[in-house]
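For reference, the structure discussed in these notes is given below.
Here you go:
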């Protein structure tokens, strides 16, 4: 059965006080540059620019204590922010962590969470360089990721897709939504579904994938966070191109089909609307870079469509409107 | 009477949806680099390092709707983060904003807040470059500030105070706590107290003060955020020195004395424990840089104290233990 649940025992934040809580968090995620008014970072290369992004995780809305662990949540929080850094073609170098938590929360929740952050950023040689802890009604976590963009090529932006390029992707699509549905079903889950549970609890990207894609000549990139169709549509709209996805290339695999059968959900819904896989998706002329596969094409005549007054930003699957196309909405 | 209260009318977050809410926020605080997976920043000078810091503001704990306005709160949120950047001797260049808010919140609260951010960062030529909005039980705001540290001098760190230096400060001390006490008193407040109310609602630092101090040869710096004695003690402990503050230089001025009389509080408590003025405080050999004044001395023989086994990190006022020495504690 999956690993879930938060620690409920041990000393609380109120019992330990702010100083000791911070000491334990920084012990769980050590850093040479943490502990002053602000962290000083030394970007990697002489030519480098700085990349920054932030995400907030609210208990009950973005995570539930019964469906994950603090350690897994810490890892996921890193991935969802680092995916945004990698999606610029940049290298993640640092994380800042702010959180509010009820005063009766066992400190182990926070140290486990920080331990998960440390575990995940280690694969990037990044550091937790600063943060803030405060009391609040419920657990709210804010992560800011900072990256370094070296070299002379432009960043991989949402408006960088060009007519005639291939659409590429790196990693699972639909696994996170499937894993969540499996956990929410409350059913006894056979071990074979572990990759889906992991896809939900700790989606991962191979560190450096965005850098590899940029070096290989990709011109646009984003990640599958709000839903495949929604995110690819944003890319298409911002680039003023139309995109057609290959049905076969994104079709649910056997694991997704089996999970769909178990819980009675069409797995295409997970693929097209799921999000939260944080799989990097971009566009490139020619072959897919190492680690990426082709999942579609940017229409050759997107610019003509535009000049003819037709709407650019249309996303199809094998030329047809996608069967599912909703995405994450923060205020619904 | 002071300007307080949050908008209670107009379309809510739920009614408008995430996209429109983000559109209105970015309209209130426009930026050329916002709107992609992550923001790309171009640090100012060839030699520059990046400085980063973050702070979280929780409704009911760090602010109350009846004691400020969203616009003033936005300005204060910038100052408290930029003060940490300036306290490294760096120049603030960017802000990221994450927030969770109840879905029935009028969007004007957020656009006013973003407008306040835009107003304050304008004085620094900085930009709001990214963020995240999400639903949550209560209003929780997380700000990350990014700065640029140019040149060859080291940053102004907490461990940089040296024996024989002067302690310098820039701006009000105790005004924020006094302003809060005045507002909490519920009394009719004469206009003369406006500087104290402003000190609480919108403490400010003169942009570039940290850079000036670093150029002039300051070696350590922090800001008055948790309380004068607590923050100076942190500086003294981390630098392993003892610090004596000049009673006359920090004594409550006539305004603080009058406010203390009105609400029946010893104004020394505001000066010594108050915090949240975000006044920059540091140490330097020789004269105070432009805009700073001398408020104390680093003991000449701090190192001897240490080698004699005596405890370094002691802060006194005219050689005596301070009358008040508590500070902010997040979990109390």
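Protein chains in written order, with the UniProt record's numbering: chain A, 1 to 332; chain B, 1 to 332.
Idealized CB from N, CA, C, for every residue including glycine.
Continuous beta strand (DSSP E) stretch holding residue i: start and end
i                      : result
residue 70 of chain B  : Per DSSP, residue 70 of chain B belongs to no beta strand (DSSP E); it is in the alpha helix (DSSP H), 70 to 86.
residue 8 of chain B   : It is not in any beta strand (DSSP E) - residue 8 of chain B carries neither H nor E in the DSSP assignment.
residue 284 of chain B : 280 to 284
residue 117 of chain A : It is not in any beta strand (DSSP E) - residue 117 of chain A instead sits in the alpha helix (DSSP H) that spans 107 to 122.
residue 99 of chain A  : 91 to 101
residue 41 of chain A  : 39 to 41
residue 166 of chain B : 166 to 170
CB-CB length for residue i against residue j, believed under 8 angstroms
i                      : j                      : result
residue 277 of chain A : residue 37 of chain B  : 14 angstroms between Cβ atoms; not a contact.
residue 103 of chain A : residue 14 of chain A  : 4 angstroms
residue 205 of chain A : residue 79 of chain A  : 6 angstroms
residue 239 of chain B : residue 220 of chain B : 6 angstroms
residue 143 of chain B : residue 54 of chain B  : 7 angstroms
residue 301 of chain B : residue 163 of chain B : 7 angstroms
residue 56 of chain A  : residue 100 of chain B : 6 angstroms
residue 82 of chain B  : residue 124 of chain B : 6 angstroms
residue 253 of chain A : residue 296 of chain A : Not confirmed; about 17 angstroms, so no contact.
Residue-chain proximity (residue i, chain B), Cβ-Cβ < 8 angstroms
i                      : result
residue 17 of chain A  : yes
residue 136 of chain A : yes
residue 277 of chain A : no
residue 108 of chain A : no
residue 267 of chain A : no
residue 103 of chain A : yes
residue 73 of chain A  : no
residue 100 of chain A : yes
residue 281 of chain A : no
residue 129 of chain A : yes
residue 157 of chain A : yes
Cutoff 8 angstroms: residue i Cβ touching any chain A Cβ
i                      : result
residue 242 of chain B : no
residue 330 of chain B : yes
residue 14 of chain B  : yes
residue 176 of chain B : no
residue 121 of chain B : no
residue 415 of chain B : Residue 415 of chain B lies beyond the stretch modelled for chain B, which goes from 1 to 332, so this question has no answer here.
residue 50 of chain B  : yes
residue 167 of chain B : no
residue 222 of chain B : yes
residue 239 of chain B : no
residue 56 of chain B  : yes
residue 142 of chain B : yes
residue 235 of chain B : no
residue 21 of chain B  : yes
residue 147 of chain B : yes
residue 42 of chain B  : yes
Residue range of the unbroken alpha helix (DSSP H) whose run includes residue i
i                      : result
residue 272 of chain A : 267 to 273
residue 295 of chain A : Not the alpha helix (DSSP H): residue 295 of chain A falls in the beta strand (DSSP E), residues 293 to 298.
residue 27 of chain A  : 13 to 28
residue 197 of chain B : 194 to 201
residue 177 of chain B : 175 to 185
residue 136 of chain A : Looking at the DSSP string, residue 136 of chain A is not in any alpha helix (DSSP H), and its letter there is neither H nor E.
residue 213 of chain B : 209 to 215
Residue i (DSSP reduced to helix, strand or coil)
i                      : result
residue 290 of chain A : coil
residue 253 of chain A : coil
residue 60 of chain A  : coil
residue 323 of chain B : coil
residue 53 of chain A  : strand
residue 127 of chain B : strand
residue 244 of chain A : strand
residue 238 of chain B : helix
residue 317 of chain A : strand
residue 33 of chain B  : coil
residue 67 of chain A  : coil
residue 205 of chain A : coil
residue 191 of chain B : helix
residue 226 of chain B : coil
residue 260 of chain B : helix
residue 233 of chain A : helix
residue 312 of chain A : coil
Residue i beta carbon near the ligand GTP (any heavy atom closer than 7 angstroms)
i                      : result
residue 281 of chain A : No copy of the ligand GTP occurs in the structure displayed, which carries no ligand at all.
State whether the stretch 91 to 99 of chain A contacts the stretch 168 to 177 of chain B, with contact taken as three or more CB pairs (one from each stretch) at a distance under 8 angstroms. no
Does the stretch 135 to 149 of chain A come close enough to the stretch 53 to 65 of chain B that 3 or more CB-CB pairs lie under 8 angstroms? Segments in contact, yes.
With contact counted as at least three CB pairs below 8 angstroms, one residue from each stretch, are the stretch 261 to 273 of chain A and the stretch 147 to 163 of chain A in contact? no
Can you find at least 3 beta carbon pairs, one from the stretch 174 to 185 of chain A and one from the stretch 251 to 265 of chain A, that sit closer than 8 angstroms? yes
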